[in-house]
Amino acid sequence: MISKGIFTGGAVSNKRVRVGILGATGMVGQRFVQMLEHHPEFEITALAASDRSQHKTYGEACTWRLVGDMPSFVKSMVVRPPQPPLDCDVVVSSLPSDVARASEEAFARAGYPVVSNASSFRMDADVPLLIPEINSDHLNVLDRQKSGRGFSTGYIVTNPNCSTIIMALALAPLHEKFGIEAVIATTLQAVSGAGYPGVPSLDVVDNVLPFIDGEEPKMESETRKILGRLGNNSFENAPFPVSAQCHRVNVADGHMVAVRIKLAKRATIEEVREALASYRSVPQQLKLHTAPEHPVLVRSEKDRPQPRMDRDAGGGMSVTVGRLFPDTVFDYRFVVLGHNTVRGAAGAAILNLELLQARGLLHGKIERETEASAEVRVR
């Protein structure tokens with residue numbers, strides 16, 4: 001079952017933590033910039049991206065694709081290479097997976113906490129695959145990660161695939177209360193999930209693409225790690241199978257997942273609905289800035305949720321469940337929808353940052369240098 005205990009150790013600093021963004025010019029990188037612009041705990045002090053963007057100002061290097069203008073404070077910032085050192089305390093990463101592993105490990109080895117949206121480290125045995133509402137206790141593996149990899153103050157925390165996050169938030173309350181024996185999921189995923197320029201228009205207009213490279217195994221394996229438990233500093237996957245089929249559809253933002261679920265215990269539909277609607281966990285208890293008041297919203301209309309109408313629920317950080325009915329093969333079926341670049345990407349990583357800060361696990365550059373100097377003196 002799922003552990004949701006709150007860790008209260010560690011000192012929480014009143015200073016704003018300085019954040020560097022890796023992959024800052026991409027779609028998720030832009031969403032990081034947008035969501036961190038007015039954040040009370042974090043400030044952007046460094047931007048990094050690929051070769052073609054380096055040494056240009058962000059205004060020159062980045063073609064802004066989000067609604068609204070590019071925040072003025074980042075326009076004159078110079079884009080740096082995605083390698084240490086960077087003038088920041090912590091890095092968030094939306095680098096492509098083919099370059100993320102080397103870059104993120106280099107930052108962690110240099111003493112930076114790394115919160116990654118990339119897939120490179122997600123399934124490593126000593127790396128938390130974190131959704132703060134579900135498995136905040138998985139952060140306890142960080143001591144093992146640091147000692148096993150020879151990190152000092154650095155470490156790596158990942159957030160899951162966008163569709164996995166959206167589905168797992170709906171599964172977690174049910175697994176916690178009734179247990180799960182099997183899950184079948186069919187996704188309808190927005191084109192923004194492919195980044196920019198993403199899917200060619202002639203492929204997706206008037207069409208549905210029944211294949212997204214790597215997506216199905218990610219949903220199947222990541223869900224079991226997230227909903228599993230941490231025992232003796234090693235992850236034990238949830239014992240139930242997950243079967244996923246993934247499709248790209250002609251929607252700008254908002255991933256929808258049609259779920260069929262077999263429960264371990266009998267439950268009425270009213271009990272299932274209440275378990276979903278009443279779900280609260282660590283981020284809500286800690287009142288983290290980006291945490292939605294209601295992680296899971298349940299709608300009773302016969303035609304909801306819909307991407308255009310429901311993706312921005314809870315500032316894009318809530319998922320919306322609808323079409324909840326008894327199933328003729330499993331126990332119940334429902335549809336869950338969430339914003340793929342907010343809750344499924346940048347917002348997920350920012351919420352992870354907030355949890356790390358609340359636990360006293362984000363150390364600033366000066367603190368890192370002081371600790372390193374102290375270690376040298378001791379030796």
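Going letter by letter, the sequence shown gives residues 1 to 379 in the numbering used here.
Built from N, CA and C at the ideal position, the CB exists for glycine as well.
Note that this is a predicted model, so its numbers are computed, not measured.
Next item on the list: Assign Val329 to one of two classes, buried (16 or more other C-beta atoms within 10 Å of its C-beta) or exposed (fewer than that).
Entry: As a working note, residue 329 is residue 329 in the sequence shown. Burial call: exposed.
Check: For Tyr196, does the count of other Cβ atoms within 10 angstroms reach 16, so buried, or fall short, so exposed?
Finding: Numbered from 1 along the sequence shown, position 196 holds the residue referred to as residue 196. Tyr196 should be labelled exposed.
Margin query: Buried or exposed for Phe107, going by 16 or more other Cβ atoms inside 10 Å?
Written below: The sequence position of residue 107 within the sequence shown is 107, counting from 1. Burial call: buried.
Check: Apart from the five residues just before and just after Leu171, which ones in its own chain have a Cβ nearer than 8 Å to its Cβ?
Finding: Counting from one through the sequence shown, the residue named residue 171 turns up at place 171. Cβ within range, chain order: Ile180, Val183, Thr223, Leu227, Val259, Ile261.
Margin query: Can you find the residues in the same chain that come closer than 6 Å, C-beta to C-beta, to Asp87, ignoring five residues on each side of it along the sequence?
Written below: Sequence index remark: in the sequence shown, residue 87 carries index 87 (1-based). Once the five neighbours on either side are set aside, the close Cβ partners of Asp87 are Thr45, Ala46.
Notebook entry, point to check: Alpha carbon to alpha carbon, how far is Glu216 from Arg80?
Noted result: Position 216 of the sequence shown, counted from the start, is the residue given in the question as residue 216. Position 80 of the sequence shown, counted from the start, is the residue given in the question as residue 80. Each residue's alpha carbon lies about 34 Å from the other.
Next item on the list: Taking all protein chains shown into account, decide if Val336 is buried (16 or more other Cβ within 10 angstroms of its Cβ) or exposed.
Entry: Position 336 of the sequence shown, counted from the first residue, corresponds to residue 336. Val336 is buried by the Cβ-count criterion.
Next item on the list: Could you tell me whether the Cβ atoms of Met123 and Leu129 are closer together than 9 Å?
Entry: Along the sequence shown, one-based indexing puts residue 123 at 123. Along the sequence shown, one-based indexing puts residue 129 at 129. Taking 9 Å as the Cβ cut-off, Met123 and Leu129 qualify as a contacting pair.
Item checked: Paired residues, beta bridge with Thr385 - DSSP -> There is no way to answer for residue 385, as the model of the chain reaches only from 1 to 379.
Checklist line | Coarse secondary structure for His175, derived from DSSP in three states | finding: Position 175 of the sequence shown holds residue 175. Helix, per DSSP.
Next item on the list: For Gly231, name the three-state secondary structure that DSSP assigns.
Entry: Within the sequence shown, the letter at position 231 stands for residue 231. The answer is strand: DSSP assigns Gly231 an E or B state.
Check: With distances taken from CA atoms, which of His55, Ala252, Glu220, Arg144 is nearest Phe240?
Finding: Numbered from 1 along the sequence shown, position 240 holds the residue referred to as residue 240. Comparing Cα positions, the closest option is Glu220.
Next item on the list: Can you say whether Asp126 is buried or exposed, counting buried as having 16 or more other CB atoms within 10 angstroms of its CB?
Entry: Along the sequence shown, one-based indexing puts residue 126 at 126. Asp126 comes out buried.
Next item on the list: Please determine, among Pro85, Tyr279, Gly68, the residue with the shortest C-alpha to C-alpha distance to Met21.
Entry: As a first step, residue 21 must be located in the sequence shown, where it is residue number 21. With the sequence shown as reference, residue 21 is identified as Ile, and Met is not the correct amino acid for it. Of the candidates Pro85, Tyr279, Gly68, the one whose C-alpha sits nearest the C-alpha of Ile21 is Pro85.
Notebook entry, point to check: Per DSSP, Glu236 is paired with what?
Noted result: The residue given as residue 236 occupies position 236 in the sequence shown. Beta-bridge pairing links Glu236 to Arg229.
Next item on the list: Provide the residue span of the beta strand (DSSP E) that contains Leu188, from first to last.
Entry: By one-based count along the sequence shown, residue 188 stands at place 188. Looking at the DSSP string, the run of the beta strand (DSSP E) that includes Leu188 is 180-189.
Next item on the list: Measure the C-alpha to C-alpha separation of Val17 and Met35 and round it to an integer number of angstroms.
Entry: Position 17 of the sequence shown, counted from the first residue, corresponds to residue 17. Position 35 of the sequence shown, counted from the first residue, corresponds to residue 35. Roughly 15 Å between the two C-alpha positions.
Checklist line | For Ser93, the residue or residues it bridges with in DSSP | finding: Locating residue 93 in the sequence shown gives position 93, counting from the first residue. Its beta-bridge partners are Leu22, Ser116.
Notebook entry, point to check: Less than 9 Å separating the beta-carbons of Glu41 and Leu353?
Noted result: For this step, residue 41 is matched to residue 41 along the sequence shown. For this step, residue 353 is matched to residue 353 along the sequence shown. Yes, these two residues count as a Cβ contact at 9 Å.
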